[in-house]
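Heads up, the thing below is written out as structure tokens.
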Amino acid sequence: MSQSSQGPGRGGPPPLRNYLCFTMVTCFCPAWPINIVALVFSVMAQRSYDEQDFEGSQRLGRKALHLGIVSLVIGLAIITAYIIVHFTAVQRIFVICILNYILKYAINI
Numbered sequence: 001m002s003q004s005s006q007g008p009g010r011g012g013p014p015p016l017r018n019y020l021c022f023t024m025v026t027c028f029c030p031a032w033p034i035n036i037v038a039l040v041f042s043v044m045a046q047r048s049y050d051e052q053d054f055e056g057s058q059r060l061g062r063k064a065l066h067l068g069i070v071s072l073v074i075g076l077a078i079i080t081a082y083i084i085v086h087f088t089a090v091q092r093i094f095v096i097c098i099l100n101y102i103l104k105y106a107i108n109i
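Structure follows, in structure tokens:
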């Protein structure tokens, strides 16, 4: 039997799902401790797969996926909070400057 005809249901190895690309992308989110752990689990899943430990590879791959999703959600929440705080502060400063300008010229008149 050829290698290409063997699939997951026919006795061949299951497909590798280490989510390495996804965990690398999540490293750009500002939740770095979780991102690094997800990346480590992804690399460990690859190593387990290379050592023919398919169950361990699937387990570590799922952990990498879950941690990647958590880090992505936390990172997006941090970015959203930063944007809200930044633009709220900028608007307040703008309003204060306008009020200061109006009061300055209203007193002089």
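Each step along the sequence shown adds one to the number in full-length UniProt numbering, with nothing skipped, and position 82 is 82.
Backbone N, C-alpha and C fix where the C-beta goes; we use that ideal spot for every residue, glycine too.
Just mark I107 as buried or exposed, buried being the case when its beta carbon has 16 or more other beta carbons within 10 Å.
The residue is exposed, with fewer than 16 neighbouring Cβ atoms inside 10 Å.
Figure out for me which residue from I98, C21, A89, I96 has the closest Cα to the Cα of A38.
Residue C21 is the option with its Cα nearest to A38.
What's the C-alpha gap between F41 and C29?
Answer to the nearest angstrom: the Cα atoms are 17 angstroms apart.
What does the Cβ neighbour count give for N100, buried or exposed, with the cut at 16 atoms within 10 Å?
Its Cβ having fewer than 16 others within 10 Å, N100 is exposed.
Alpha carbon to alpha carbon, what distance is there between N18 and V95?
Looking at the two C-alpha atoms, the distance is approximately 51 angstroms.
Quick one: give me the first and last residue of the alpha helix (DSSP H) that C21 is part of.
Counting along the chain, the alpha helix (DSSP H) containing C21 begins and ends at 20-26.
Assuming R47 is part of the alpha helix (DSSP H), what are its boundary residues?
Segment 32-50, the alpha helix (DSSP H) holding R47.
Report buried or exposed for T23, applying the criterion of at least 16 other Cβ atoms within 10 angstroms of its Cβ.
Looking at its Cβ environment, which holds 16 or more other Cβ atoms inside 10 Å, T23 is buried.
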